[in-house]
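Each number in my numbering corresponds to the 1-based position in the sequence shown with 165 added. Virtual Cβ for every residue (Gly too), placed ideally from N, Cα, C. Keep in mind that this is a model prediction, so the values were computed, not measured. Notes for the one structure printed next.
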Amino acid sequence: MFDRVRARLAQLVDPQLDAEPAVGLFVDGPNVFRDEFDVDLDDLRDAARDLGRIGVIRLYLDEHATPGLIQAAEARGFEVIVTSGDVDVKLAVDATAFAGDGTIDRLAIASRDTDFKPVLEHAGTVGVETIAIAPGTHGRSDALRNAADEAVTLEPEP
166 MFDRVRARLA QLVDPQLDAE PAVGLFVDGP NVFRDEFDVD LDDLRDAARD
216 LGRIGVIRLY LDEHATPGLI QAAEARGFEV IVTSGDVDVK LAVDATAFAG
266 DGTIDRLAIA SRDTDFKPVL EHAGTVGVET IAIAPGTHGR SDALRNAADE
316 AVTLEPEP
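Structure below.
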């Protein structure tokens, strides 16, 4: 939180200081971290960094998440949000709020779930660039890819 406040204050003093767009990465954990996809937390973080300055980086998990995954995510700078059920609603509400409040310039959603298509569409209407990150070619959602301004597919390491 303090980093965000410091960045905003610095921007008031020197608007050119923050020329790099702020990225919000929202990761649908149960949909991305599946055995059939070889997704790495570092790859997700790197994909967000390639898009700009990371403003928000969140991993949404359900109550079945392992303590090891939670610990690994936190060690890599993710804010972990654990819900007592389906993560889709919490992720969608949070991503929509961040897109609308001016905190982020680019919204990246890592998922293969078409439920997030309205979130990307709404972000686009408020002037936020949108990116759909797929956990692999097999896990790519055409609906998300087509709703986003840009699409990224994470490929497994050879």
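Pick from Val317, Arg214, Arg310, Thr261 that is closest to Gly292, judged by C-alpha positions: Along the sequence shown, one-based indexing puts residue 292 at 127. Of the candidates Val317, Arg214, Arg310, Thr261, the one whose C-alpha sits nearest the C-alpha of Gly292 is Thr261.
First through last residue of the beta strand (DSSP E) which encompasses Leu224: As a working mapping, residue 224 is identified with position 59 in the sequence shown. Element bounds for Leu224: 218 to 226.
Bounding residues of the alpha helix (DSSP H) (the contiguous stretch that carries Thr290): As a position in the sequence shown, residue 290 is number 125, starting the count at 1. Note, Thr290: alpha helix (DSSP H), 282 to 290.
Gly265 versus Ala288: straight-line alpha-carbon distance, rounded: For the purposes of this step, residue 265 is taken as the residue at position 100 of the sequence shown. For the purposes of this step, residue 288 is taken as the residue at position 123 of the sequence shown. Those two C-alpha atoms are separated by around 7 Å.
Environment of Thr295 [buried if 16+ CB atoms lie within 10 Å]: As a first step, residue 295 must be located in the sequence shown, where it is residue number 130. Buried, since its Cβ has 16 or more Cβ neighbours within 10 Å.
Inter-residue Cα distance where the pair is Val252 and Leu226: In the sequence shown, residue 252 corresponds to position 87, counting from 1. In the sequence shown, residue 226 corresponds to position 61, counting from 1. Answer to the nearest angstrom: the Cα atoms are 6 Å apart.
Distance between Val247 and Ala240 (C-alpha atoms, nearest Å): Taking the first residue of the sequence shown as position 1, residue 240 is located at position 75. Taking the first residue of the sequence shown as position 1, residue 247 is located at position 82. The alpha-carbon atoms of Ala240 and Val247 are separated by roughly 16 Å.
Which of helix, strand or coil DSSP assigns to Asp384: An answer regarding residue 384 cannot be provided, because it is not within the stretch 166 to 323 covered by the chain.
Thr268 vs Gly194 beta-carbon contact at 9 Å: Start at 1 with the first residue of the sequence shown, and residue 268 comes out as number 103. Start at 1 with the first residue of the sequence shown, and residue 194 comes out as number 29. Contact: no.
Same chain, Cβ closer than 6 Å to Phe243, neighbours up to 5 away in sequence not counted: Within the sequence shown, numbered from 1, the residue matching residue 243 stands at position 78. Result list for Phe243: Ile222, Leu224, in chain order.
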